[in-house]
Amino acid sequence: APVKVQKICCIGAGYVGGPTCAVIALNCPDIQVTIVDLNQARIDAWNSKDFKLPIYEPGLEDVVRKARGRNLFFSTDVDKAINEADLIFVSVNTPTKKSGVGAGFAADLNYVELATRRIASVATSSKIVVEKSTVPCRTAESMRTILEANSKPNCHFDILSNPEFLAEGTAINDLLKPDRVLIGSLQTPEGIDACTALADVYANWVPKERILTVGLWSSELSKLAANAMLAQRISSINALSAICEATGANIDEVANAIGFDSRIGPKFLKASVGFGGSCFQKDILNLVYLSESLHLPEVAAYWRQVVDMNEYQKRRFAKTVVDTLFKTITGKRIAVLGFAFKADTGDTRESAAITLIKDFVAEKALVQIYDPKVEHEQIWLDLAEAIPGTPIEAIKKQVTICASPVEAASKAEAVVIATEWKEFKEIKWEDIYATMDKPAFVFDGRLLLDAEKLRKIGFHVTTIGRGAA
Ligand code: UDX
Ligand code: UDX
Ligand code: ADP
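Under full-length UniProt numbering, the first residue of the sequence shown is numbered 2, with each subsequent residue one higher.
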């Protein structure tokens with residue numbers, strides 16, 4: 002029979018593990034939830050008295066305030082939490098491999114493996130182990146092999162796959178009202194019991210018909226497929242945006258017309274300077290790598306093109322900026338508004354802004370960055386990684402981080418919108434205009450601004466997916 006879960010441990014207190022398990026704790030007051038991490042600073046931040054949490058996510062602080070100390074705990078004592086729990090989420094990071102076989106494509110499963118081995122070596126009772134990190138297909142199988150080979154007598158491990166579909170910036174809402182919860186298990190009696198035990202946890206707040214139970218491999222593949230299809234929509238609309246710019250069609254009008262078809266639907270059709278985030282590129286490259294290893298090169302090439310189109314879109318936008326500024330930006334000041342990969346997050350992983358700034362720096366421009374949420378230190382780390390071989394002091398000669406949009410626009414020739422922060426709509430553009438060199442250019446990479454209004458002020462405006470006006 003399925004166990005009734007009383008104690009949950011979550012290994013990894015990051016963007017996925019933190020919000021997910023905080024919401025579980027909020028909705029399941031009878032379950033004790035302990036989130037552990039090796040990173041002491043991160044755990045200290047989760048525990049901080051003034052709720053300076055390590056990640057910014059609207060609504061998260063509220064959830065943590067309600068549950069922390071009641072049935073939600075953060076700790077670096079990984080072994081103790083593993084031992085006490087009946088169910089363990091593995092939510093560690095799975096970056097793309099930087100070296101070795103599959104470098105640049107395959108996921109680095111080292112963190113997953115280390116966490117799995119830790120569970121095997123310290124557990125003294127049976128556990129349900131839940132794979133939560135996005136991982137390539139068949140990772141659950143490897144985890145199962147490691148656990149079985151290292152377990153003690155009377156210790157039984159069941160493996161589940163329970164991919165997380167939350168998007169950053171809307172994580173809390175996504176978790177409170179998920180479109181679906183997906184749980185994959187072996188179709189054995191034990192596997193199905195473990196699946197039921199986890200489904201019962203979610204049933205505390207998720208309607209039963211939204212909890213989907215499937216086979217282990219379907220579950221793992223669904224996560225990669227969902228992200229690949231979402232990213233594909235953006236690359237499709239971005240490919241069309243290039244046609245719009247060349248023909249005078251308007252990408253917003255086209256997207257609207259397409260989206261009215263109920264078979265297509267209106268969401269995720271916003272043309273942009275390119276998608277970012279920790280998931281899309283990584284998961285597609287995982288899918289490409291999987292296809293290659295299954296000897297399906299045509300399938301690999303098909304998905305690869307979604308990422309190639311995204312790179313093209315970023316480069317194309319940077320080139321438009323240079324071309325419009327009379328084919329040179331050497332020594333010119335360019336304000337970049339937004340550094341996060343999307344609005345309402347401080348996360349910068351794979352942000353399009355990084356690629357743009359890298360290109361501007363290569364063209365010897367002076368870049369002035371403003372973002373309302375991203376930590377300055379993070380910006381320097383990202384730029385140092387993106388521009389290897391150049392000492393950070395040299396980068397700092399060309400790049401400054403500013404405290405406001407007006408400061409970023411000071412004496413600039415152009416303002417580039419890289420992130421769709423709502424506050425950029427509310428900027429007093431007259432003030433921006435006053436401080437800029439003339440002619441003053443605005444490049445809207447997010448279809449965010451009212452171009453006509455800006456033109457009345459005097460700006461030259463270029464918008465993704467619109468022909469030159
Ligand atoms: C299509 C468009 O749907 C329609 O809006 C447009 O005006 C004309 O082209 P049609 O070709 O008549 O219409 O049929 P449709 O239902 O779109 O199917 C096209 C093909 O896709 C068929 O061979 C169908 O079997 C196939 N298909 C459709 C699938 O293989 N899977 C699906 O999920 C849907
Ligand atoms: C994504 C998936 O949405 C989520 O289900 C999965 O669990 C993790 O990956 P996330 O990366 O947090 O979530 O954000 P998302 O809202 O999907 O945006 C990804 C990128 O696409 C952002 O850079 C965003 O600006 C861009 N985007 C999104 C567009 O350019 N146009 C759109 O229409 C939508
Ligand atoms: P994600 O976006 O997938 O949540 P993050 O990088 O935000 O990824 O979070 C993953 C967290 O997992 C990091 O804080 C990292 O320190 C933690 N972690 C990695 N390996 C282990 C491990 N073996 N035990 C505990 N925590 C780990």
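Every residue gets a Cβ at the ideal spot worked out from N, C-alpha and C, and that includes glycine.
Option nearest residue i by Cα separation, candidates the options
i: G390; options: T401, A410, A363, Q369; result: A363
i: A141; options: F74, S220, G101, D109; result: S220
i: G332; options: Q369, V308, S186; result: Q369
i: T420; options: E408, R447, W430, A413; result: R447
i: D80; options: R305, T35, I56; result: T35
i: R71; options: A26, L54, G105; result: A26
i: T97; options: G15, L286, I388, Q314; result: L286
i: T171; options: L217, K429, D45, L61; result: L61
i: P179; options: K209, Q188, A195; result: K209
i: F444; options: K398, E453, V322, E351; result: V322
i: A366; options: S352, R350, I396; result: I396
i: K5; options: I330, A86, A107, D309; result: A86
i: I9; options: D309, I32, N228; result: I32
i: G15; options: K53, W47, C29, N28; result: W47
i: V375; options: K359, T401, G339; result: G339
i: residue 1; options: I173, S134, V123; result: Residue coverage of the chain in this structure runs from 2 to 470, which leaves residue 1 outside it and unanswerable.
i: S126; options: F106, N163, S162, N84; result: N84
i: L167; options: F106, T21, P392; result: T21
i: A200; options: I12, T135, E246, S162; result: S162
Buried or exposed by the 16-neighbour rule on C-beta atoms within 10 Å, applied to residue i
i: T463; result: buried
i: L326; result: buried
i: D63; result: exposed
i: I335; result: buried
i: R66; result: exposed
i: N311; result: buried
i: S405; result: exposed
i: V102; result: exposed
i: R43; result: buried
i: residue 471; result: This structure gives no information on residue 471, because the portion of the chain shown stretches from 2 to 470.
i: P55; result: buried
i: M144; result: buried
i: F261; result: exposed
i: M437; result: buried
i: G266; result: exposed
i: D345; result: buried
i: T356; result: buried
i: R264; result: exposed
i: T248; result: exposed
i: E424; result: exposed
i: T189; result: exposed
i: K99; result: exposed
i: K133; result: buried
i: N228; result: buried
Distance cut-off 8 Å: residue i Cβ against heavy atoms of ligand 3
i: G347; result: no
i: N40; result: yes
i: A198; result: no
i: N94; result: yes
i: L115; result: yes
i: I56; result: yes
i: A14; result: yes
i: Y290; result: no
i: G103; result: no
i: T97; result: no
i: T171; result: no
i: V79; result: yes
i: T140; result: no
i: T35; result: no
i: S143; result: no
i: S122; result: no
i: S134; result: yes
i: G19; result: yes
i: R71; result: no
i: Y313; result: no
i: R119; result: yes
Distance between beta carbons of residue j and residue i, contact taken as under 8 Å
i: A121; j: I160; result: Rounded, the Cβ-Cβ distance is 12 Å, inconsistent with contact.
i: V91; j: V37; result: V91 to V37, Cβ: 11 Å. No contact.
i: I235; j: S292; result: Actually they do not touch by this definition, with Cβ atoms about 20 Å apart.
i: A409; j: Y371; result: 4 Å
i: E169; j: G278; result: 7 Å
i: G459; j: I252; result: G459 to I252, Cβ: 25 Å. No contact.
i: C138; j: L222; result: 5 Å
i: A232; j: F276; result: 6 Å
Closer than 8 Å: residue i CB and nearest ligand 1 heavy atom
i: R264; result: yes
Considering only heavy atoms of ligand 2, list every residue whose Cβ is less than 6 Å from one of them, following chain order.
E165, F166, L167, A168, E169, N228, L231, I235, F269, L270, K271, S273, F276, G277, G278, C280, F281, F342, K343
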